[in-house]
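Novice: According to my numbering, the sequence shown is numbered sequentially starting from 22.
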Amino acid sequence: MTEVDPVQSEHRGRGVIARYERFLPVSSETPIVSLGEGDTPLIFSPRLSAAVGRGCQVHIKYEGLNPTCSFKDRGMTVAVSKALEHKMVTVICASTGNTSAAAAAYAARAGIRCVVVLPAGKIASGKLLQAFAYGAKVVAIDGNFDDALRVVRAIGERSDFAIVNSINPDRIAGQMTAAFEIIDALGDAPDFHLLPLGNAGNITAYWAGYRQYHAAGNCRRLPAMIGFQAAGAAPVYYDRVIENPKTIASAIRIGNPASWKAAKSAVHDSRGAVDIVTDEEILAAQRWLATHEGIFVEPASAAPIAGLFKCCDPARKPIYPFTQIPESSTIVCTVTGHGLKDPEVMADCMIKLPPVAPNDEEVLKAIEI
Ligand SMILES: Cc1ncc(COP(=O)(O)O)c(C=O)c1O
22 MTEVDPVQSE HRGRGVIARY ERFLPVSSET PIVSLGEGDT PLIFSPRLSA AVGRGCQVHI
82 KYEGLNPTCS FKDRGMTVAV SKALEHKMVT VICASTGNTS AAAAAYAARA GIRCVVVLPA
142 GKIASGKLLQ AFAYGAKVVA IDGNFDDALR VVRAIGERSD FAIVNSINPD RIAGQMTAAF
202 EIIDALGDAP DFHLLPLGNA GNITAYWAGY RQYHAAGNCR RLPAMIGFQA AGAAPVYYDR
262 VIENPKTIAS AIRIGNPASW KAAKSAVHDS RGAVDIVTDE EILAAQRWLA THEGIFVEPA
322 SAAPIAGLFK CCDPARKPIY PFTQIPESST IVCTVTGHGL KDPEVMADCM IKLPPVAPND
382 EEVLKAIEI
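#1: I'd like to know if the region 340-355 and the region 204-218 are in contact, where contact means that at least 3 CB-CB pairs between them fall below 8 Å.
#2: Quick one: complete alpha helix (DSSP H) runs, 4+ long, within the region 111-191?
#3: Could you tell me how far apart the beta carbons of Gly-76 and Glu-314 are, in whole angstroms, since I believe they sit closer than 8 Å?
#4: Return yes when the Cβ of Phe-182 is within less than 8 Å of the Cβ of Leu-218, no when it is not.
#5: Which of the three DSSP states is assigned to Ser-102 in this structure?
#6: Alpha carbons only, please: which of Gly-118, Gly-96 and Val-110 is nearest the one belonging to Glu-199?
#7: Judging by CA-CA distance, which residue of Ala-115, Phe-343, Val-366 and Arg-337 is the nearest neighbour of Gln-78?
#8: Rounded to a whole number of angstroms, what is the C-alpha to C-alpha distance between Val-288 and Tyr-227?
#9: Alpha carbon to alpha carbon, what distance is there between Ala-284 and Arg-241?
#10: Between Pro-67 and Thr-312, what straight-line distance do the alpha-carbon atoms span, to the nearest angstrom?
#11: The beta strand (DSSP E) spanning Met-246 covers which residue range?
#12: So, using beta-carbon positions, are Lys-331 and Glu-301 closer together than 8 Å?
#13: Taking 7 Å as the cut-off, is the C-beta of Pro-140 nearer than that to any heavy atom in ligand 1?
#14: Assuming Tyr-127 and Val-54 form a contact by the criterion Cβ under 8 Å, report the distance between their Cβ atoms to the nearest whole angstrom.
#15: What's the gap between the Cα of Gly-253 and the Cα of Ala-72?
#16: How would you label Cys-135, buried or exposed, when you count the other beta carbons within 10 angstroms and need 16 or more for buried?
#17: Would Asp-5 pass as a contact of Glu-58 if the rule is Cβ separation under 8 Å?
#18: Can you say whether Ser-146 is buried or exposed, counting buried as having 16 or more other CB atoms within 10 angstroms of its CB?
#19: When DSSP labels each residue in this structure, what does Ala-236 get in the three-state scheme?
#20: According to DSSP, simplified to helix, strand and coil, what is Ala-306?
#21: Tell me where the beta strand (DSSP E) around Leu-329 begins and ends.
#22: Answer yes if the region 169-179 comes into contact with the region 102-119, meaning at least three C-beta pairs across the two stretches below 8 Å, and no otherwise.
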């Protein structure tokens with residue numbers, strides 16, 4: 022429906038604020054802090070399309086290709102730019118890892134301090150490394166993410182700290198841009214949008230983004246939003262707080278999501294659903310995506326792919342069976358973070374490599390061809 026806009030294409034590589042300024046809470050007073058985030062590929066997947074069948078088309082929005090390798094950069098450019106506009110000198114966040122990486126990078130770019138509060142021993146090594154590399158002050162607490170967010174909310178009461186978690190509306194505003202990009206790429210909104218559900222900021226942001234673009238006349242339809250939680254960390258699915266959430270997918274190991282209510286509205290208003298996938302299904306989907314599509318994502322990001330397979334299999338009693346969706350539907354799965362952030366999870370696919378002699382016969386022998 023939308024056409025290629027030469028002004029928009031001029032903004033390529035300059036970040037989501039430059040591209041979508043008129044939809045974001047910024048003005049000429051806002052100093053823009055950008056690392057060129059956004060404009061991530063929307064990759065058509067023939068194999069996932071075949072798995073759904075009946076002429077449906079599945080696309081993967083690969084958010085691991087943002088500057089700090091997760092979707093968090095979209096919201097962080099807005100949150101840190103606004104913090105700078107308000108003359109803040111310290112940003113603070115609780116994190117399961119990716120928020121801390123993004124906050125630390127954008128704070129470094131802005132020349133301000135970043136404080137990160139993390140659940141001790143529960144952060145994937147790549148993400149923790151990023152927070153240190155970008156120079157954040159990192160504090161590990163003896164508790165889970167929900168405890169860390171409680172602490173950050175309390176410290177954020179002080180006027181000298183700006184909270185950059187997704188409870189900050191500037192974060193949600195920035196994350197809406199992923200929905201804008203999808204509509205710009207497809208020419209309309211998809212029929213279904215699948216994504217992982219943790220603290221529930223992203224599903225809230227996508228739905229707000231789809232609605233805003235729809236209200237502006239940039240698309241005809243609105244998608245059904247389908248969120249996937251890990252079976253051991255599924256407060257929205259079970260409709261109760263999970264005191265001790267458990268899953269291999271550390272980014273969505275959350276028992277009491279901050280944007281719970283907004284996520285429920287997004288699911289209700291879009292006629293979508295929330296479903297669960299097991300850790301085994303998540304890991305199988307992560308491996309499938311890497312080996313069949315060449316897309317390496319962290320475990321949480323594989324949840325919607327595991328979810329798509331579940332939706333295609335009536336025997337697994339999906340909440341939203343894809344056997345009943347209209348023919349030729351368009352489906353988008355957002356994969357939220359890069360696989361290199363959490364290398365331990367995939368470590369068992371690396372076999373020990375005793376060196377072989379440097380000649381073709383020995384190499385062919387080693388690869389058994
Ligand atoms: C890789 C990844 N996927 C999914 C999520 C969940 O997003 P949300 O908390 O906005 O639901 C997160 C949040 O940290 C994440 O880092």
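Just so it is clear, CB atoms sit at the ideal spot from N, CA and C, and this is done for glycine as well.
Specialist: The relevant details are as follows:
#1: Two segments are said to touch when three or more pairs of C-beta atoms, one from each, lie closer than 8 Å; by this definition the region 340-355 touches the region 204-218.
#2: With a minimum length of 4 residues, the continuous alpha helix (DSSP H) runs that stay inside the region 111-191 are 119-131, 146-154 and 166-176.
#3: About 20 Å separates the two Cβ atoms, so there is no contact after all.
#4: Using a Cβ distance threshold of 8 Å, Leu-218 and Phe-182 do not count as a contacting pair.
#5: Helix at Ser-102.
#6: Per the sequence shown, the amino acid found at residue 199 is Ala instead of Glu. For the set Gly-118, Gly-96 and Val-110, the Cα lying nearest the Cα of Ala-199 is the one of Gly-96.
#7: Measuring from the Cα of Gln-78, the nearest candidate turns out to be Phe-343.
#8: Taking the straight line from one Cα to the other gives about 11 Å.
#9: Spanning the two alpha carbons is a distance of roughly 22 Å.
#10: In this model, Pro-67 and Thr-312 are separated by some 14 Å (Cα to Cα).
#11: Counting along the chain, the beta strand (DSSP E) containing Met-246 begins and ends at 245-251.
#12: Not closer than 8 Å, so no.
#13: No, Cβ of Pro-140 sits at least 7 Å from all heavy atoms of ligand 1.
#14: Approximately 6 Å separates the beta-carbon atoms of Tyr-127 and Val-54; this is inside 8 Å, confirming the contact.
#15: Pairing Gly-253 with Ala-72, the inter-Cα distance amounts to about 26 Å.
#16: Classification for Cys-135: buried.
#17: With the chain running from 22 to 390 in the structure shown, residue 5 is simply not present.
#18: That one is exposed.
#19: The answer is helix: DSSP assigns Ala-236 an H, G or I state.
#20: The DSSP-derived three-state label of Ala-306 is helix.
#21: First-last for Leu-329: 320-332, but that is the alpha helix (DSSP H), not the beta strand (DSSP E).
#22: Touching, yes.
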